[in-house]
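Asker: Structure incoming, see below.
Chains as they are written, first to last, in the numbering used here: chain Y, 33 to 123; chain A, 33 to 123.
Set out below in structure tokens:
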């Protein structure tokens, strides 16, 4: 039994950005780009869209929290066939 | 007429994060949090979700590109009643 078993974990906040992989069609982004042009935003050349998740995670270390966030992203939050994700830790 | 009129604009990339304001119910985030618990992620305390947009903008200066991104966010991308947005410039 490790000497620090039962130590209080810290709370970390992870931000997970999920976006379409390059080359995957993005009809939502294209629609937004067209809508912006129709609203008069001529200088906006292109638009793409994605999702962002914030997870509050109890863990011993930031590295452990980041690992948990990555597992959550690959198992539930992102579709690995068409999407890629980035994990950023806050604080 | 300004001496630099007709100068080539530069291309900027803006990332716009749209999240629910504090206190607004987030059923999608709650569902994700529950699903993560069901998958065995006991250490994930809470989850919230939002959207992220990337806009490529032609502008003379980064400040001008940021202004355009903010206007696009408030006019089309975010619902100011329940959402807030953050603009970040890349590069």
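Idealized CB from N, CA, C, for every residue including glycine.
The structure displayed is predicted, hence computed values, not measured ones.
CB residue 84(A) to CB residue 46(A), shorter than 8 Å?
Answerer: It is not a contact, given that the beta carbons lie outside the stated cut-off.
Asker: Report yes if the C-beta distance between residue 118(Y) and residue 53(Y) is below 8 Å; otherwise report no.
Answerer: The answer is no: Cβ separation not under 8 Å.
Asker: For residue 77(Y), collect the residues of the same chain with a Cβ closer than 6 Å to its Cβ; drop the 5 residues on either side in sequence, then sort them by chain order.
Answerer: Within the same chain, residue 77(Y) has no close Cβ partners at all.
Asker: Please determine, among 93(Y), 92(Y), 120(Y), the residue with the shortest C-alpha to C-alpha distance to residue 131(Y).
Answerer: No answer is possible for residue 131(Y): it lies beyond the span of chain Y, which begins at 33 and ends at 123.
Asker: Contact criterion: CB-CB distance below 8 Å. Does residue 114(A) meet it with respect to chain Y?
Answerer: So, not an interface residue.
Asker: Let me know if residue 56(Y) comes out buried or exposed under the rule of 16 or more other beta-carbons within 10 Å of its beta-carbon.
Answerer: That one is exposed.
Asker: Buried or exposed for residue 51(Y), please, with buried defined as at least 16 other CB atoms from any protein chain shown within 10 angstroms of its CB.
Answerer: Answer is buried; the Cβ neighbour count reaches 16.
Asker: Does any residue of chain Y bring its CB to less than 8 Å from the CB of residue 82(A)?
Answerer: So yes, residue 82(A) belongs to the interface.
Asker: How many whole angstroms separate the CB atoms of residue 91(A) and residue 42(A), which I take to be in contact at a CB cut-off of 8 Å?
Answerer: Correct: roughly 7 Å between the Cβ atoms.
Asker: How far does the beta strand (DSSP E) with residue 110(A) in it reach, from first residue to last?
Answerer: No beta strand (DSSP E) holds residue 110(A); DSSP gives it neither H nor E.
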